[in-house]
Amino acid sequence: MVQLQRPSVVYMNGRVISWDEATVHVSSEALMRGVSVFEGIKGYWRHDSRVFSLLALREHFDRLRRSAHLLHLPFATSYADFGRACTDLAKRLLINEKDLWLRTTLFAVEGHWGEGTVTDLVILGYHQDKKRPEAVDVGVSTWQRPGDAALPARIKSAANYQVGRLARIEARRQGLSDMVLLNQWGRVAEASGSCVVLVRNGVITTPPSSEGCLESITVEIIGKLCASLDLPFERRPIDRTELYVADELCLAGTLAELVPVRRVESSILPEHTPVFGRLANEFWDCVRGVREHPGIRLTPV
Ligand code: PMP
């Protein structure tokens, strides 16, 4: 059973308060209709454990603003104030040798069917072990990623995670770590909380967001790392059957990071993953500050 951490403090209503004080009313649209948009932001200790930085803060702020705009949620916080809120909370929660994952959520705390909406930015921080993820086995879900006219994947809303949750439950029942969700055309959309990236014939390939995946910040970073490593990178629709014959497959996301996939349903993928191996080494060196990279923006706390 997964036990969610219970950090001592939470950012809410413009300040850092205790966990117990951080409540939302049962009548709010946040609860009644699941109206909220959010971001997960990862913070890394530098390799020498002297500096702690948040990865891609600006990109997360921009996406949160886009999600809020698309769901008609007022979000007046400036980038400077958002950054301050994240760093204030991170400073309170930081402990040596543990990375942090911040969940910044904009909840609709007042309003009714989109009228008179008032929002509040809430930030939770969870400690993370500093280890690289291990390879996982995944399936292909019977649940489908809704299309742009149903539940746009571009909006990182709580509602979007209902299908992902069903897929995770389905995965667990089959002894798998996660599921790949297909879109309405039967092609690869994304996993429950990460994007799908594969290698075929030396080309690193991932679906464009019009296939029903989130506009991923990690995939954007992967594209930039590929450019500097001289690795071919393309976005194109991916058929389901390509999952089974991929040379290499990984799940990519802020929390997932770069997770190699060992098996898709009954298809065992090659053990040797030279392309993702290179890419992952570069990613970890850059987020841990071993090397600087213009595509990896770190904001010190
Ligand atoms: N798809 C979904 C459904 C996700 O929850 C995530 C994680 N935020 C991603 C893709 C990957 O996005 P990012 O790299 O920006 O974290």
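In this note's numbering, the protein residues as written are 84 to 384. Virtual Cβ for every residue (Gly too), placed ideally from N, Cα, C.
Around the beta carbon of S150, 16 or more other beta carbons lie within 10 angstroms, which makes this residue buried. Secondary-structure assignment with DSSP links I100 through a beta bridge to V93. Within the chosen limit of 6 Å, the ligand PMP does not reach the beta carbon of I124 with any heavy atom.
Relative to the ligand PMP, the beta carbon of C309 is positioned no closer than 6 Å to any heavy atom. Annotated three-state conformation of I321 is coil, per DSSP.
Residue G295 holds the alpha-carbon nearest to the alpha-carbon of D231 among H195, V205, G295, Y127. Contact annotation, A105 with V93: C-beta distance approximately 4 Å; criterion of less than 8 Å satisfied. Counting along the chain, the unbroken alpha helix (DSSP H) around I252 starts and ends at 244-256. Under DSSP, P383 forms a beta bridge with S136.
Three or more Cβ pairs closer than 8 Å define a contact, and the region 158-168 meets that threshold against the region 136-144. In this structure, L297 has its beta carbon less than 6 Å from a heavy atom of the ligand PMP. Boundaries around W367 are those of the alpha helix (DSSP H), 357-370, since no beta strand (DSSP E) includes it. DSSP places S311 in the helix class (H, G or I) of the three-state scheme. With fewer than 16 neighbouring CB atoms inside 10 Å of its own CB, E375 falls in the exposed class.
Where A191 is concerned, there is no enclosing alpha helix (DSSP H), although the beta strand (DSSP E) around it starts and stops at 182-195.
A residue is called buried when at least 16 other Cβ atoms come within 10 angstroms of its Cβ; M262 meets this threshold and is buried. The straight-line gap separating the alpha-carbon atoms of P383 and V342 is approximately 25 Å.
Here the alpha carbon of D220 sits roughly 14 Å from the alpha carbon of A339.
E375 carries a coil assignment under DSSP once its states are collapsed to helix, strand and coil.
Each residue's CA atom was taken as its position, placing R148 and L281 some 29 Å apart. Partner residues in the beta bridge of I124, as assigned by DSSP, are L185. CA-CA distance, Y162 to R146, rounds to 12 Å.
Between D313 and R283, the CB-CB gap reaches or exceeds 7 Å.
Beta-bridge partners of G336 (DSSP): E340. In the structure shown, D145 adopts helical secondary structure according to DSSP, grouped into three states.
Sixteen is the threshold: when 16 or more other Cβ atoms of the shown chains lie within 10 Å of the Cβ of A363, as they do, the residue is buried.
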